[in-house]
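Here is the structure we will look at, set down as structure tokens.
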Amino acid sequence: MAALETFYEVMRRQGITRRSFVKYCSLTAAALGLGPEFIPQIAHAMETKPRTPVLWLHGLECTCCSESFIRSAHPLVKDVVLSMISLDYDDTLMASAGHQAEAILDEVMEKYRGNYILAVEGNPPLNEDGMYCIIGGRPFVDQLKRVAKDAKAIISWGSCASYGCVQAAAPNPTAATPVHKVVLDKPIIKVPGCPPIAEVMTGVITYMLTFDRIPELDRQGRPKMFYSQRIHDKCYRRPHFDAGQYVEAFDDEGARKGYCLYKVGCKGPTTYNACSTTRWNDGVSFPIQSGHGCIGCSEDGFWDKGSWYARLKDVSGFGIEASADRIGMTAAGVVGAGLAVHAAISALKRARYKGDDV
Amino acid sequence: MTVQTPNGFTLDNSGRRIVVDPLTRIEGHMRCEVNVDADNVIRNAVSTGTMWRGLEVILKGRDPRDAWAFVERICGVCTGCHALASVRAVEDALDIRIPYNAFLIRQIMAKVLAWHDHVVHFYHLHALDWVNPVNALKADPRATSALQQSISPNHPLSSPGYFRDVQNRLKKFVESGQLGIFKNGYWDSAAYLLPPEADLMAVTHYLEALDFQKEIVKIHTIFGGKNPHPNYLVGGVPCAINMEGDMAAGAPLNMERLNFVKQKIDEAFEFSKNVYVPDVIAIGSFYKNWLYGGGLSATNVLDYGDYPTSQDDKSSDRLPGGVILDGKWEEILPVDPRNPEEVQEFVTHSWYTYGGGREDIGLHPWDGVTDSHFELGAGTKGTRTNIEEIDENAKYSWVKSPRWRGNACEVGPLSRYILAYAKNVPYVKAQVDDALDQFNHLAGTSLTARQALPTTIGRTLARALEAHYCAQMMVDDYDALIANIRNGDLATANVAKWDPATWPKEAKGVGLVAAPRGGLGHWIKIRDGRIENYQCVVPSTWNSGPRDAKGNIGAFEASLLGTPMVNPEQPVEILRTLHSFDPCMACATHVMSPDGAELARVTIR
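Protein chains in written order, with our numbering: chain U, 400 to 757; chain W, 891 to 1495.
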């Protein structure tokens, strides 16, 4: 294997001062929710770890994951691409095309065998011999399997790669299939969302490069650091939920006061994501803050769980501290009306207490 | 063999065949094959859409109020324009008039998207067809600084030291030997014509644009909660306004939020004025002798028109619609999206079938049928799952062929600008004339609009000018929004027909949008409160579609003909011209049969 440069060497060579480097490490620690005691550890890792090649493949998708990725504010995506990883293949951004592009895959797979990260955006369709998605004249699923073979780890970007997303919504005409059902023998980190939050994407990559390990995952394969709590749990409108103050219709008095969107269909109580904490686009807002309920886009099969505007119902089961893992055990593979939510129970109780009909 | 197409092009597939697959730096997946003659001039071009997702059948039976989110996921690059077309189609079907504030907020969101999409397209998807980052290493930063200050005196980032810092970073990056996204580029090709100082300026702006593009989308984040894929709402917008009442601080829109929007609009205005437009003119002037790529734009262009100043008056469109045929700029024909004889789609050369021997007819979107039918022609080289050369005499693309009264048309910013210029829209006329003056001054040429616009460079220029026009229109829309709120109107959603019980048993509507890549239309049929049929006719379908039953070729194929290649092994010229359309293949190829299986309805009530 070729001698790879460390982040630190690369950053210094690119004119970044030691002082800026240390500041960068502290921002990285903060972005990952780590205390200041981790700063030296990050700095040490950056000084000694090589720049890892990343091969970013695209199947059936809409490119929203790439678009989200380039929105990252910390770190800036230009710093990720120039200084942190070596983005050797990404058909959305790469200069070369055709056989020159395909040659890169072979070269990197050979040169960095077992030492590159495969990032997948989108998913392979399996119907029609895979020819609903053709790369270089051949089915995308072939390319995916070929590149996965010698990857160190796989990142499944977004809900397409993680779960199937919109093209896999019923009746899934192309048999669009998530990555983990096609590649069975590699560690896969799912980073769901349609798309995932930019800083969550770069946070996952930064963590992997900094600590040289994949982040702790829940039973579904999602990094716990970003996907272990429901949007509802940390929503700034939660006090209105608890107080029984709801938006009854769009643009009503409650909507203008920022009341809870539960009654107009918010899926925050059943959706595991960092939207209400990390928020979107450098922390500017998130769907609920902007007045629309969460549509649950980071959940498996969210397209087939009913209208965005139908309120969550049929509540039973676990208590308030239920973890993502426990929900996974209870509800894995279950879609539709049965999803149990503590929050809706309290809503019903609250409504009953008030004597309202929910 | 030489063929004369009915729409005036000559195809000759006898020469050497060149295959480019994957065609990178686009949204989605496509393949292009060309034949070059003994002088390496392109004489035949074959555009193949290589992906298909099937969203319309997925929509069948769903709640029309949910459709925007499904179709928004057609594309995450032009994020939001399909959602906008969808809510417009549903509101058209159900006769819902949205509040004026919602109209203005959607107007701003549409232009934010267009502006962002155009900037990211030029710098991050297209620039490397003109700009050689390796050559930038040879630049004298003082020369770059002088160039920058001469073409754009008001851009603050222009000192020699600034460009030297960028050059140093680039130098170290290249010296590392890990070239990342620049790996295997065509940097030794004689197709690149910029002097090193211009290459350094463009690479610097590649990075500046990368930094700024994440800022402008924050307007979507405020109005729609996130970007990509902000939230929309049938009947208006979800972001309620509270300027001074109780709890305004927690409301979606208040003074602080609107100030944020205003600041980003102003920043975008400065960027397109001082960086994007001057860059395109300057870079284009170095390619003054490379006036290829016009194709269909020289004759047939189409757009539906958009960006009205008056909510209910189509004639107030700031970019007016219409069709020009046969290069007759003086005769602009009206487009009626409801007329079954006008917009139609053909599948003769697409991997779909209309069944019952109807392969060669055109269908209006309200009556659209699309059954997938993947089969390769007898002339294909390779196998069904390993295509070496495709046979364009048979079906050869996942994209359909839209036509207007049987005519292939180009759509996109260039088409809109040709229409607006031909109609003498004052802002556009002044913009184009001013840009051409600057171009001619820099290049020492005397090109007219008719000569300069229908080219690859003209297509790229029109996009830049449209981006800046969008910034100007955003400024105006924001002022109108503030004036309306000042008048006491806070309404953002009309929910009078929110309940499906208020809807007619059957309804149909159409939603039109001036999407970044061209005129976009969604056609919906609603029955018993559910979607009965949903069809989208998408800009990249118009442009990238295969030949039709009569042999008319589409915009992509037409644009490549007659272009000389410096080295057919290095497809720089093919990439340059196809990228000038900003292909969006997930958009182009999402259509799916309405004959698909009935949905299992999983609805929580």
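Virtual Cβ for every residue (Gly too), placed ideally from N, Cα, C.
Predicted, not measured: the structure shown is a model, and the values here were computed from it.
Neighbour-count burial assignment, Arg612(U), 16 or more Cβ in a 10 Å radius: Exposed, by the Cβ-count rule.
Sufficient close CB pairs (3 or more, under 8 angstroms) joining the segment 1012-1024 of chain W to the segment 1093-1100 of chain W: When Cβ pairs closer than 8 angstroms are counted between the two stretches, the segment 1012-1024 of chain W is seen to touch the segment 1093-1100 of chain W, the count reaching three or more.
Contact set between Thr573(U) and chain W, taken where Cβ atoms lie within less than 7 angstroms: For the C-beta of Thr573(U), the chain W residues within less than 7 angstroms are, from N- to C-terminus, Trp942, Arg943 and Gly944.
contact_flag[the segment 1435-1453 of chain W, the segment 1287-1298 of chain W] where n(CB pairs < 8 angstroms) is 3 or more: The segment 1435-1453 of chain W vs the segment 1287-1298 of chain W: in contact.
Spatially closest choice to Phe437(U) from Ser684(U), Thr609(U) and Gly643(U), by CA coordinates: Nearest option by C-alpha distance: Thr609(U).
Outcome for Leu1069(W) when other beta-carbon atoms lying within 10 angstroms are tallied against a minimum of 16: Within 10 angstroms of the beta-carbon of Leu1069(W) lie 16 or more other beta-carbons, which makes it buried.
Close beta carbons around Gly434(U), own chain, < 8 angstroms, minus the five adjacent residues each side: Shown here for Gly434(U): same chain residues with a beta carbon closer than 8 angstroms to its own, the five before and five after excluded, namely Ala428 in chain order.
Span separating the alpha-carbon of Glu1231(W) from that of Leu1253(W): It is roughly 9 angstroms from the alpha-carbon of Glu1231(W) to the alpha-carbon of Leu1253(W).
Beta-ladder partner(s) of Ser1287(W), from DSSP: DSSP lists Ser1240(W) as partners of Ser1287(W).
Chain W contact for Asn522(U) (CB, 7 angstroms cutoff): No, no contact with chain W.
Arg955(W) to Ala568(U) span [Cα, whole Å]: Their Cα atoms are separated by approximately 17 angstroms.
Any non-hydrogen atom of the ligand ATP within 6 angstroms of Val581(U) CB: The ligand ATP is absent from the structure shown, which contains no ligand whatsoever.
Burial state of Asp713(U) (16 or more Cβ within 10 Å): A caution first: Asp713(U) carries a pLDDT of 46, below 50, which makes its placement in the model too unreliable to give a value.
Three-state secondary structure (DSSP) of Arg1054(W): If DSSP states are grouped into helix, strand and coil, Arg1054(W) belongs with the helices.
Interface partners of Lys589(U) on chain W, CB under 7 angstroms: The contacting residues do not exist; Lys589(U) stays about 18 angstroms from chain W at best.
Given Ile908(W) as reference, the closest of Ile1280(W), Phe1446(W) and Leu1380(W) once Cα atoms are compared: The residue with the shortest Cα to Cα distance from Ile908(W) is Ile1280(W).
Exposure of Arg1228(W), with buried meaning 16 or more beta-carbon neighbours within 10 Å: The residue is exposed, with fewer than 16 neighbouring Cβ atoms inside 10 Å.
Distance CB(Val1403(W))-CB(Ala1478(W)) smaller than 7 angstroms: No, they are not a contact pair.
is_contact[Asp911(W), chain U] using C-beta, thresh 7 angstroms: Cβ-Cβ to chain U under 7 angstroms: yes for Asp911(W).
Opening and closing residue of the beta strand (DSSP E) in which Ala1397(W) lies: The continuous beta strand (DSSP E) containing Ala1397(W) extends over residues Glu1396 to Ala1405.
Within chain W, the residues that Lys656(U) reaches when beta carbons sit closer than 9 angstroms: Here the neighbours are Ala1130, Asn1132, Gly1135, Asp1136, Met1137, Ala1138, Gly1140 and Ala1141.
Short CB-CB distance (under 7 angstroms) between Thr729(U) and chain W: Bear in mind that a pLDDT of 36 at Thr729(U), under 50, signals an unreliable position, so the model cannot answer this.
N- and C-terminal bounds of the beta strand (DSSP E) containing Ile932(W): The continuous beta strand (DSSP E) containing Ile932(W) extends over residues Ile932 to Gly939.
Alpha carbon of Ile1222(W) to alpha carbon of Val603(U), nearest angstrom: Cα to Cα, Ile1222(W) sits roughly 53 angstroms from Val603(U).
Three-way DSSP call (helix, strand, coil) for Ile587(U) in this model: The three-state reading of DSSP puts Ile587(U) in strand, counting E and B together.
Length of the line joining the Cα atoms of Lys1152(W) and Asp1216(W): Cα to Cα, Lys1152(W) sits roughly 43 angstroms from Asp1216(W).
Interfacial residues, the segment 1017-1028 of chain W to chain U, with Cβ spacing under 7 angstroms: Taken in chain order, the members of the segment 1017-1028 of chain W whose beta-carbon sits within less than 7 angstroms of a beta-carbon on chain U are Leu1018.
Enclosing beta strand (DSSP E) for Gln644(U) [first to last residue]: Here Gln644(U) belongs to no beta strand (DSSP E), and DSSP marks it neither H nor E.
Where Ala1391(W) falls, given that 16 or more other Cβ within 10 Å makes a residue buried: By the 16-neighbour rule on beta-carbons within 10 angstroms, Ala1391(W) is exposed.
Rounded Cβ spacing between Gly563(U) and Pro595(U) (contact assumed at less than 8 angstroms): About 15 angstroms; that fails the 8 angstroms criterion.
Interface residues of the segment 460-476 of chain U facing chain W [CB-CB below 8 angstroms]: Close to chain W, meaning a Cβ-Cβ distance shorter than 8 angstroms, are the following residues of the segment 460-476 of chain U: Glu460, Cys461, Thr462, Cys463, Cys464, Ser465, Glu466, Ser467, Ile469, Arg470, Ser471, Ala472, Leu475 and Val476.
Glu917(W) at chain U interface by Cβ criterion, 7 angstroms: Among the CB atoms of chain U, one or more fall inside 7 angstroms of the CB of Glu917(W).
Contact between the segment 1207-1214 of chain W and the segment 1181-1193 of chain W (3+ Cβ pairs under 8 angstroms): Output reads yes: the segment 1181-1193 of chain W touches the segment 1207-1214 of chain W.
Residue interval of the alpha helix (DSSP H) (run including Asn1276(W)): Element bounds for Asn1276(W): not the alpha helix (DSSP H) but the beta strand (DSSP E), Asn1276 to Glu1279.
Host alpha helix (DSSP H) of Gly620(U) (start-end): Gly620(U) -> no alpha helix (DSSP H), and no H or E assigned at all.
Classification of Val1001(W) by the beta-carbon crowding that lies within 10 angstroms, buried from 16 upward: Per the sequence shown, residue 1001(W) should be read as Lys rather than Val. Classification for Lys1001(W): buried.
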